[in-house]
Ligand code: B1M
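If you want it as structure tokens, here you go:
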């Protein structure tokens, strides 16, 4: 890993938003790709922040400050990821499930899907099954993508699938799920169509499922 990526990680962990912005810009100017900055700088830093929180070394306020610092970098790479977009391949609604306020991963999924050529409707965070249902009725998407970061909110994903089934809409959409505690096994157990471990995989799995359809 380059020194610059290590410095980006450190600045995110220390919650230094202006420094993250400056280093991200310097990285881009020096020819680092947006993907490298994301996958080797910004994202691993948040993993370390989580570990520090778990060990009691960080409080919630520090996690929030780090998240804000991460956004300082993310906002710079976002237009570059989306610029790779071509014509619309399909439509996806994306949201973080009820009870869950984590939005960094969900926002990355939105960005990468947009960059991958999809029209994206970002529902936001803390989205109830009824709100997912209404969005499916309103937008008739190809995909419903759900994010959960808490073990306690993963079950909300099952509830969304159930509500869509109860309303005769389950088979009209392809359902993808993800988030740190989510696994392929969990996806299988709730009858989701796919699981993606990161935002890039969400796009590649969406692409292959559309081809199979
Ligand atoms: Co929270 N938090 N947090 N937090 N937080 C975690 C998730 C935790 C693992 C930290 C820890 O203890 N190690 C832990 C959960 C434990 C558990 O349930 N097993 C935790 C906790 C406990 C909490 C609170 C309950 C703390 C409290 O209040 N006591 C609280 C809950 C609030 C709520 O949601 N109701 C809370 C609050 C917060 C902050 C607000 C302070 C902040 C969120 C800020 C924000 O999102 N705007 C925060 C943060 C920053 C984290 C950590 C440190 C980082 C999360 C993150 O953004 N990661 C996190 C630790 C960790 O995850 N290791 C932690 C970076 C992001 C890029 O990764 O979201 O996994 P991720 O997304 C990935 C993939 O998972 C995938 O793509 C992305 C990458 O490309 N992906 C998908 C995600 N969604 C997808 C959907 C798809 C496909 C792929 O659909 C197809």
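Numbering (the numbering used here), first residue to last: 817 to 1029. No residue lacks a Cβ here, since even glycine has one placed at the ideal position from N, Cα and C.
Element boundaries [beta strand (DSSP E), containing residue i]
i, result
"residue 942", "935 to 943"
"residue 992", "990 to 994"
8 Å Cβ cutoff, residue i in contact with chain B
i, result
"residue 957", "Absent here is chain B; the protein component of the structure consists of one chain."
Where residue i falls: helix, strand or coil (DSSP)
i, result
"residue 828", "helix"
"residue 865", "helix"
"residue 956", "coil"
"residue 1019", "helix"
"residue 929", "helix"
"residue 818", "coil"
"residue 970", "coil"
"residue 998", "coil"
"residue 911", "strand"
"residue 1077", "Because the chain is modelled from 817 through 1029, residue 1077 falls outside the range shown and cannot be assessed."
"residue 904", "coil"
Of the residues the options, the one placed nearest residue i, counting alpha carbons only
i, options, result
"residue 762", "962, 1009, 904 and 988", "Any question about residue 762 goes unanswered here, given that the chain covers just 817 to 1029."
"residue 921", "973, 863, 1009 and 831", "863"
"residue 964", "943, 982 and 953", "943"
"residue 1014", "856, 925, 979 and 975", "925"
"residue 841", "1012, 830, 820 and 1016", "820"
"residue 928", "834, 828, 1012 and 829", "1012"
"residue 948", "919, 918 and 986", "986"
"residue 1005", "973, 919 and 1017", "973"
"residue 868", "923, 826, 1001 and 999", "826"
"residue 865", "1018, 851, 884 and 849", "884"
"residue 939", "912, 824, 861 and 881", "912"
"residue 1010", "817, 990 and 937", "990"
"residue 1007", "861, 981 and 1029", "981"
"residue 945", "936, 890, 958 and 971", "971"
"residue 832", "861, 882, 818 and 844", "882"
"residue 835", "966, 818, 889 and 1027", "889"
"residue 984", "953, 1002, 899 and 967", "953"
Endpoints, alpha helix (DSSP H) assigned at residue i
i, result
"residue 840", "833 to 845"
"residue 894", "876 to 898"
"residue 856", "Residue 856 -> no alpha helix (DSSP H), and no H or E assigned at all."
Cβ-heavy atom distance, residue i to the ligand NAP, below 7 Å
i, result
"residue 997", "With respect to the ligand NAP, the structure offers nothing, as its ligand set consists of the ligand B1M."
Checklist entry - Should the stretch 922 to 936 be called in touch with the stretch 1010 to 1022, which here means at least 3 C-beta pairs below 8 Å? => result yes
Item to check | Cβ contact (3+ pairs, closer than 8 Å) linking the stretch 866 to 876 and the stretch 838 to 858 | outcome: no
Checklist entry - Within the chosen definition, does the stretch 891 to 901 reach the stretch 977 to 988 through at least 3 CB pairs nearer than 8 Å? => result no
Next on the checklist: Contact between the stretch 905 to 912 and the stretch 875 to 892 is defined here as three or more beta-carbon pairs at a separation below 8 Å; is this criterion met?
Outcome noted: no
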